[in-house]
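Numbering (the working numbering), first residue to last: 2 to 267.
Written out as structure tokens, the structure reads:
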């Protein structure tokens, strides 16, 4: 894992991945419910962290405790395992429990230390936890952004940038390029909206200069991505005028970008 990096804070990555994990948990719970014809919606989902501790998998920061392992799992480079402890029905009832772990031997050691342990825990009962479908999951999050009526264009563009950053980090190159291609029009629309707002805000004395700088830098990054000019120094210099200290130069640069984006929108 030493060669892996994602240029996003851990908190931002958790905001992306935890809801996806919850969706898989719900689907697996439903599948088992239908299989044994028992409502399992109130069952606990436990992550075995080591031979002594467990944590509620439905909570976002539980992923953080084994984050490097989960990063490998999200990249489909490491398996995550599942054991279903069936409910006990009758007078002395006991709810079903789902146990998730990365190492079956560690799970076995954990259970050996417990006074109450699953009676049927064995190799044949261990299943692989389904992998996350990252491209559909990320695409769904992008389309959810388009349905948000409130909120600033800057915030939507920032969230979209974060999703693209996750795709670049966790997906194979071809899959990441496919994802970016499928959301290109949405990215162009979000960027165009922000550019049009910036044309007004750069002359607004009430707007924070630091915030303006961040917004203009974001437009620069997105345009470098959209138009594949990473190694084109001439075009990069044109875009660099977006962050010029002179308002008139910023405005002209925004107008150039606006025309190009508008052409792409059609």
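Each residue gets a CB set at the ideal place from its N, CA and C atoms; glycine is no exception.
query                                                                                                                  : result
Beta-carbon gap between residue 133 and residue 75 smaller than 9 Å                                                    : yes
Start and end residues, alpha helix (DSSP H) containing residue 108                                                    : 105 to 113
Rounded straight-line distance, which links the Cα of residue 189 to that of residue 115                               : 55 Å
Residue burial classification, residue 218 (beta-carbon count within 10 angstroms, cutoff 16)                          : exposed
Reduced DSSP category for residue 1 - H, G, I as helix; E, B as strand; rest coil                                      : Because the chain in this structure spans residues 2 to 267, residue 1 falls outside the shown range and cannot be described.
Spatial neighbours of residue 111 in its chain, beta-carbon cut-off 6 Å, leaving aside the 5 residues before and after : 49, 52
Backbone CA spacing between residue 262 and residue 96 [nearest angstrom]                                              : 56 Å
Euclidean distance between Cα positions of residue 182 and residue 42                                                  : 37 Å
Top-ranked residue by Cα proximity to residue 174, from 87, 258, 136                                                   : 136
DSSP three-state assignment for residue 4, whether helix, strand or coil                                               : coil
First through last residue of the beta strand (DSSP E) which encompasses residue 86                                    : 82 to 86
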